[in-house]
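Single-structure report; data block below.
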Amino acid sequence: MDDYTAREDLRLKLIEAEAILKEAEEEYALFVKQLKVYEDVIKEQKEKIRMIKATSHFHLQ
241 MDDYTAREDL RLKLIEAEAI LKEAEEEYAL FVKQLKVYED VIKEQKEKIR
291 MIKATSHFHL Q
């Protein structure tokens, strides 16, 4: 393999690696966004439970 061919092969592999990395970053960003939504729902449900307990005349354990 001559120098030009090796450089071209490396260039193509780097382009492919960058594309794969970009896709992974986008998937990770989506995952983080979904995780935040999940976290917010959990906090909301905990607050609802807390409010129900606070307004009840009996305490749930």
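Numbers 241 to 301, taken from this note's numbering, label the letters of the sequence shown in order.
Note that CB positions come from ideal geometry on N, CA and C, so glycine has one too.
Keep in mind the model is a prediction, meaning the values are calculated, not measured.
- A direct Cα-to-Cα measurement between Arg247 and Ile255 gives close to 12 Å.
- Annotation: Lys262 to Asp243 spans about 28 Å, alpha carbon to alpha carbon.
- Note on geometry: alpha-carbon atoms of Arg290 and Asp280 lie some 15 Å from one another.
- DSSP places Asp243 inside the alpha helix (DSSP H), whose first and last residues are Asp243 to Thr295.
- The C-alpha of Lys293 lies about 52 Å from the C-alpha of Glu258.
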